[in-house]
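Its first residue numbered 31, the sequence shown is counted upward by one per residue in our numbering.
Note sheet for the following structure.
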Amino acid sequence: MLDKDCIFCKIIRGEIPAEKVYEDDDAIVFKDIEPKAAVHLLAVPKTHFALLSEAGKEGKTAIARMLEKIPDIALQNGCSEGYRLVINQGEAAGQTVRHLHVHILGGEKLGW
Ligand code: 5GP
Ligand code: ZN
31 MLDKDCIFCK IIRGEIPAEK VYEDDDAIVF KDIEPKAAVH LLAVPKTHFA LLSEAGKEGK
91 TAIARMLEKI PDIALQNGCS EGYRLVINQG EAAGQTVRHL HVHILGGEKL GW
């Protein structure tokens, strides 16, 4: 289920453009519009929910399948030396888009 007003649902539906690097039935991966590292991708399940705690059966399946694909996607997009995955959960953590997404950050030596 997608949400009519959600920006990531709009990208999934092709209503707004994104620099897509991967897509299958479960997920889409595209470049972050404001990259925080040399490589900054967003892996987004094709079902709308904001928090892991809100994932239904379909969402959980999509996340699991998406995570399996991430190592290959990272490797093919300039992260052969390593990468970081981040999932912001809630406003206090800095989540600004209320559609669950995994940040893939890499392409350089990352500070912590
Ligand atoms: P959050 O802060 O929710 O964890 O991450 C949301 C991310 O989505 C941010 O890094 C932001 O730059 C990115 N973002 C927001 N709107 C768009 C958009 O329209 N297109 C793309 N490609 N990225 C977006
Ligand atoms: Zn959405």
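Don't be surprised by glycine CBs; every beta carbon is placed ideally from N, CA and C.
*Flag Cys36 as yes when its Cβ comes closer than 6 Å to any non-hydrogen atom of ligand 3, and as no otherwise.*
This structure does not include ligand 3; its bound ligands are ligand 1 and ligand 2.
Review point. Say the cut is 6 Å; is the CB of His129 nearer than that to a heavy atom of ligand 2?
Key: For the purposes of this step, residue 129 is taken as the residue at position 99 of the sequence shown. It does: the Cβ of His129 is within 6 Å (strictly closer) of some heavy atom of ligand 2.
- Message: For ligand 2, I want to know if Asp62 counts as a neighbour, meaning its beta carbon is within less than 6 Å of at least one of the ligand's heavy atoms.
- Response: Translated into positions along the sequence shown, residue 62 becomes position 32. Checking the Cβ of Asp62 against ligand 2 gives no.
Ile58 and Val74: beta carbons closer than 7 Å? Working through the sequence shown from its first residue, we reach residue 58 at position 28. Working through the sequence shown from its first residue, we reach residue 74 at position 44. Result yes, Cβ atoms of Ile58 and Val74 sit closer than 7 Å.
Span of the alpha helix (DSSP H), counted from its first residue to its last, around Glu98
Numbered from its first residue, the sequence shown carries residue 98 at position 68. Where Glu98 is concerned, the enclosing alpha helix (DSSP H) stretches over Lys87 to Gln106.
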